[in-house]
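Notes for the one structure printed next.
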Amino acid sequence: MKRLSQDRMPIYDALQRFKQMRVVPFDVPGHKHGRGNPELTEFLGEKCVSVDVNSMKPLDNLVHPVSVIKEAEELAAEAFHAAHAFFMVNGTTSAVQAMVLSACKKGDKIIMPRNVHRSVINALVLCGAEPVYVNPDVNIDLGISLGMSLKQVEKAITENPDAVAVFVNNPTYYGVCSDLRSIVKLAHAHGMLVLVDEAHGTHFYFGKNMPITAMDAEADMAAVSMHKSGGSLTQSSLLLIGSAMNEGYVRQIINLTQTTSGSYLLLSSLDISRRNLALRGEEIFEHVSELAQYARDEINAIGGFYAFSKEIINGDSVFDFDVTKLSIHTLDVGLAGVEVYDILRDEYDIQIEFGDIGNILAYISLGDRKRDIERLVGALSEIRRLYQRDKAGMLTQEYISPQVVTTPQYAFYAEKESLPLDETEGRVCSEFVMCYPPGIPILAPGERVTKDILRYIKYAKEKGCSLTGPEDIEIKRLNVLKGV
Amino acid sequence: MELWFTERHTPYVKFSINVDRQLYCGQSDFQRIDVFDSKEFGRILTLDGYIMLTEKDEFIYHEMITHVPMAVHPCVRRVLVIGGGDGGAVRELVKYNTIEHIDLIEIDELVVKVCKKYLPQTACRLDDPRVHIHYEDGLKYTRRHENEYDLILVDSTDPFGPGEDLFTKEFYGNCYKALKEDGIMVNQHESPFYENDAEAMQRAHKRIAQSFPISRVYQAHIPTYASGHWLFGFASKKYHPIRDFNSAAWNVLCIPTKYYNTKLHVGAFALPTYVEDILKAVE
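Chains as they are written, first to last, in my numbering: chain A, 1 to 484; chain B, 485 to 767.
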């Protein structure tokens, strides 16, 4: 195959040409290169709003790419070793949903770990596929769920030979990777597709000594959040497919829900970021890995906090670990992760990615500087000095195995009633409850509300987690199925 | 020929000094460093285009950051200076025989090299055997030290750029920890006059007041700093800057100074009403 020049940026170039032509706009958007909205132009800058334009022949059309977007997608496909790459502008959520909708129809079974992002279960609500949950392995000391163990996947496949696909989180938010290559082999041997939520793994494609990527493991589809470790604008993302997938059909699926007014700010950011990663990714992620390792060493030297890494690898459910993820266990300081998360922001002006029951995650990326790492470490050292307390009475486990009663779609659309939280024990929930971030449901539609789950929800509220999902914004009530 | 160095004190205010010639220009890993010679102010050190010191008025800053805490603490033996690679604070500190050990933490080695070569007026005592220079990040250094120092001088640049870390709550907390139970921290506290400086000054005061039981502010007049009205923070675990101030004991030492004296010590803590208001709002 002819190698493309990764130095090129077709969408960026087309936008530059477009600006030089000084086209008079009698099309949308109505702000007309910013002139109609001076406050917005002042805020975002003239350069930015002048390329917030609509699809047109010289700029191609995301819905049906034939020129510059097509070329940019081909470049991305090459950079990511994929048969094809789709530029996504509705977030990685839309890429995940397109994977599920491409693989499953109503009534199809899909094997997945329960600790998936809500977008996966949302897709099941939309298409009516049935989840077969593989309970993720759990690290009791850290209280976190891990990857999928190969044995568990095998068991699920044997018990459900009619399943059409296996869905894998790789890596998890914490940086845990499953044995992707073996899972793909196993699934393919049984005629199942493999879909990978690679939202937190963009850098695997470019860094040296990184865990294996979905495309190199020959998975069939992967959702890649370019806007996370890849540096593109928020909401821009990539959907990668392997050679077994039908590109045209996947595009039709994407177009079921994706906007017809794809933002050129997002599209150009994907194009520019892909080039940056292809040309400089190796050194960028070497630097990121070094920063993360430096931070881990310094944090572990403070005492109390435990910034974990490759030592948790166990050959199966932690097959590999993403060393750019700075995940820190906080319980031994006597603080829930979310408490540390809040103190860092409120007292030290430091915003981290998330804090949950027992851990925090600080996202280290291509934009970080050594001196910012010093601030984080310095603040954690101070938090230990000033806030350390006994850890008695703290919840330690992030993951509660669900009791699945019915499918997400059935439960979501079924007749339901709203009850005060305390009265829902034993009932079947019809909505999601999750802490955001990380956005992994505590309850999904169709699951039984248990005492453990209610205790978890109350604890999370008390510790200051931002809970989302239910119709009732304050999460004082839950919708449950009527008569069940 | 007219050659002028200009610094913007705000987007709408410029401060200019006629330059005789440029003596040095270099870029370190952290910042751009320049040394100029001028008729009015003598030699001038600038970092990223901001005046750090001039030979004519540096004595005010260095005397005020040093002698105020030295006249309050009854016996300073170990001192930590954060920043201050120009050596001015060290020059004042080594005038005290009680001081046994000075650690100078400067992030930028090139600053020290340049000052030794072009600014002997301030760098002249950096070779004193009591002085130990460490080229590292101040925040990182203080994190690793506990109950060690009698006095910490935070001789930082402005809170925009490499000096940013030295205006954070975690840094002040680390300093608290690095001080002995009766230790004092004095910091360069920005100016109350122009809006941006005043906000930085207020934030710094808020964070220090949260970290130390005693937190007072004093002032000096420094002609080449923005507005000329400059503040220092006096943060302390035990000693009060006025009540525990022993003027007789200090005068006995016969330390030579040009700006500081024991009458001025007391007066420097009397602040204009608008400055008191800015400080009180966050106490």
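Virtual Cβ for every residue (Gly too), placed ideally from N, Cα, C. Values in this document were obtained by computation on a predicted structure and should not be read as measured data.
Determine the DSSP secondary structure at A/H203, reduced to helix, strand or coil. Helix, per DSSP.
What residues from chain A crowd round B/L663, counting only those whose CB sits closer than 8 Å? None at all; the shortest Cβ gap to chain A is about 13 Å.
Roughly how many angstroms lie between the CA atoms of A/L454 and A/V116, to the nearest whole one? 20 Å
Taking 8 Å as the threshold (beta carbon to beta carbon), is A/A307 in contact with chain B? For A/A307, the answer is no, since every Cβ of chain B falls outside 8 Å of its Cβ.
Measure from the C-beta of B/N658 to each C-beta in chain A and report whether the shortest distance is under 8 Å. yes
Using a Cβ cut-off of 8 Å (strictly closer), state whether A/Y348 contacts chain B. yes
Between the alpha carbons of B/K690 and B/P643, how many angstroms are there, rounded? 15 Å
Taking contact to mean 3 or more Cβ pairs, one atom from each stretch, closer than 8 Å, check whether the region 583-600 of chain B and the region 563-570 of chain B are in contact. yes
Which residues in the same chain as A/N135 place their Cβ atom closer than 6 Å to its Cβ, once the five residues preceding and following it in sequence are excluded? So the qualifying residues of the chain are S401.
Starting from B/F655, find everything on chain A with Cβ-Cβ shorter than 7 Å and list it in chain order. G378
Determine which residues share a DSSP beta bridge with A/H84 and list them. A/I241
Which residues in chain B sit within 8 Å of A/R371, going by Cβ to Cβ distance? D621, L623, P646, E648 and D649
Between the region 731-748 of chain B and chain A, which residues of the former have a C-beta closer than 9 Å to a C-beta of the latter? none
Under three-state DSSP, which class holds A/Q525? With chain A covering only 1 through 484, there is no way to say anything about residue 525 of chain A.
Rounded to the nearest angstrom, what separates A/Y174 and A/L326 at their Cα positions? 8 Å
Check the DSSP bridge columns for A/S327 and list the partner residues they point to. A/L361
Kindly indicate the opening and closing residues of the beta strand (DSSP E) around A/I110. K109 to P113
Roughly how many whole angstroms lie between the Cα atoms of A/R181 and A/L142? 26 Å
Nearest to A/R275 (by Cα), restricted to the options A/A79, A/T93 and A/R477: A/A79
Distance, Cα to Cα, A/V176 vs B/G571? 50 Å
Span of the beta strand (DSSP E), counted from its first residue to its last, around B/T803: With chain B represented from 485 up to 767, any question about residue 803 of chain B goes unanswered, as that position is not in the structure.
By the DSSP assignment, the beta strand (DSSP E) with A/C479 in it spans what residues? Before going further, note that residue 479 of chain A is Asn rather than Cys in the sequence given. Run containing A/N479: R477 to L481, per the beta strand (DSSP E) assignment.
Report the option in B/L487, B/Y545 and B/Y625 whose CA atom is closest to the CA atom of A/E298. Ranking B/L487, B/Y545 and B/Y625 by Cα distance to A/E298 puts B/Y625 first.
Tell me the start and end of each unbroken alpha helix (DSSP H) in the region 211-282 of chain A that is at least 4 residues and wholly inside, in chain order. You should have 247-257.
Taking Cβ-Cβ distances shorter than 7 Å, what residues in chain B pair up with A/E417? Taking a Cβ-Cβ threshold of 7 Å, none of the residues of chain B is close to A/E417; the smallest such distance is about 48 Å.
Report the residue from B/E524, B/Y534 and B/V552 whose alpha carbon sits nearest the alpha carbon of B/N426. Given a span of 485 to 767 for chain B in the structure shown, any question on residue 426 of chain B remains unanswerable.
Rounded separation between B/V578 and B/V497 - CA only: Answer to the nearest angstrom: the Cα atoms are 38 Å apart.
In terms of residues, what are the limits of the beta strand (DSSP E) holding A/D179? Counting along the chain, A/D179 falls outside any beta strand (DSSP E), and DSSP gives it neither H nor E.
Should B/S731 go down as buried or exposed, given a rule of 16 or more other Cβ atoms within 10 Å for buried? With fewer than 16 Cβ atoms within 10 Å of its Cβ, B/S731 is classed as exposed.
Taking A/A295 as the reference, give the member of A/M148, A/V323 and A/N61 with the closest Cα. A/V323
Assuming A/A223 contacts A/L239 (C-beta within less than 8 Å), just tell me the rounded distance between them. That belief holds up - the Cβ atoms of A/A223 and A/L239 are roughly 6 Å apart, short of 8 Å.
Might you give, ordered along the chain, the residues of its own chain that have their beta carbon closer than 6 Å to the beta carbon of A/M221, omitting 5 neighbours on each side? M99, L195 and I241
Confirm the yes/no value for this check: CB of B/Q694, any heavy atom of the ligand GTP, distance under 7 Å. The model depicted lacks the ligand GTP and carries no ligand whatsoever.
With distances taken between CB atoms, is the gap from A/A82 to A/M215 smaller than 8 Å? yes
Best match in A/V484, A/V166 and A/R371 for proximity to B/E654 [C-alpha to C-alpha]: Among A/V484, A/V166 and A/R371, the Cα nearest to that of B/E654 is on A/R371.
Mark B/E576 as exposed unless 16 or more other C-beta atoms lie within 10 angstroms of its C-beta, in which case mark it buried. buried
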